[in-house]
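These notes are about the structure you will find just below.
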């Protein structure tokens, strides 16, 4: 069944399923599910036989979203996969940091300090085997000595090589043909300059590989003061309630006005 047949079936009562992939921005961090832009969009499309399904997962990077797509989403045979990207989707949180946090959460603090100072030298020797501990120690030394102009490699984050992202993109046409679905990438609005985020890198990849995408960061044209109101205070990417409403409205306008060239081609 091709996309045209799916649209014909939609007229017969079958809903066109749109799956949204993304991280905590799409998941709607700090908001109830019915307040997210995906659900707000679904309400506006409820009489048009569209079904919006939000599959976003907090903390996921581009490569994790791809694995989730293959392992979970494709089994439900979506018509469209709307892949939403934000400023840090080429980054993966370090697994070492998560494991250290788990261990620290299990330790009684009074007991920890007592044992640390009792066996300080031995404890230091053990801790220095950890890249994370060495980073924190070195950072503290420079901070105390006011040498804060030194640039450190962040041990909490692994940056995906741009070639890894491109390899994923090159697999999508085969997946789309096999699954009879369409991909659309969406660059979400961010509260940060183009030079300081991954959206520009993605845009160059899309152009290079002739991939359809929508830049909501440019589509939603507002003044700087107004743009800040779309985000939670001092946040680079997570939407406020107004932000979710504005993004939902932008999606709806695109579907209504540009469906033959972007969403339905």
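Residue numbers (my numbering): 2 to 266. Heads up, the beta-carbon is just placed ideally off N, CA and C, and yes, glycines get one too.
For residue 210, the number of other beta carbons within 10 angstroms of its own is below 16, and it is reported as exposed. A direct Cα-Cα distance of roughly 21 Å separates residue 243 from residue 22.
Within 10 angstroms of the beta-carbon of residue 167 lie fewer than 16 other beta-carbons, which makes it exposed. Apart from the 5 residues on each side of it in sequence, residue 26 sits with its Cβ closer than 8 Å to the Cβ of 57, 85, 87, 189, 238, 239 and 240 in its chain, given in chain order. For residue 25, the enclosing alpha helix (DSSP H) stretches over residues 25-28. Per DSSP, the unbroken alpha helix (DSSP H) holding residue 169 starts and ends at 163-180. As computed with DSSP, residue 49 is found in no beta bridge at all. About 6 Å separates the Cβ atoms of residue 247 and residue 231, confirming a contact at the 8 Å cut-off.
The DSSP-derived three-state label of residue 112 is helix.
Going by DSSP, residue 83 is part of no alpha helix (DSSP H) but of the beta strand (DSSP E) stretching over 81-86. Take the alpha-carbon of residue 176 and the one of residue 53: they are about 20 Å apart.
In the three-state scheme derived from DSSP, where H, G and I count as helix and E and B as strand, residue 183 is classed as strand. DSSP lists 240 as the bridge partner or partners of residue 232. Around the CB of residue 34, fewer than 16 other CB atoms lie within 10 Å, so the residue is classed as exposed.
DSSP places residue 193 in the coil class of the three-state scheme, outside both helix and strand. The Cβ atoms of residue 170 and residue 200 lie no closer than 9 Å to each other. Linking residue 67 to residue 36 through their CA atoms gives a straight-line distance of about 25 Å. Here the alpha carbons of residue 79 and residue 18 stand approximately 5 Å from one another. Beta bridge pairing from DSSP links residue 67 with no other residue.
Straight through space, the alpha carbons of residue 173 and residue 134 are spaced by roughly 40 Å.
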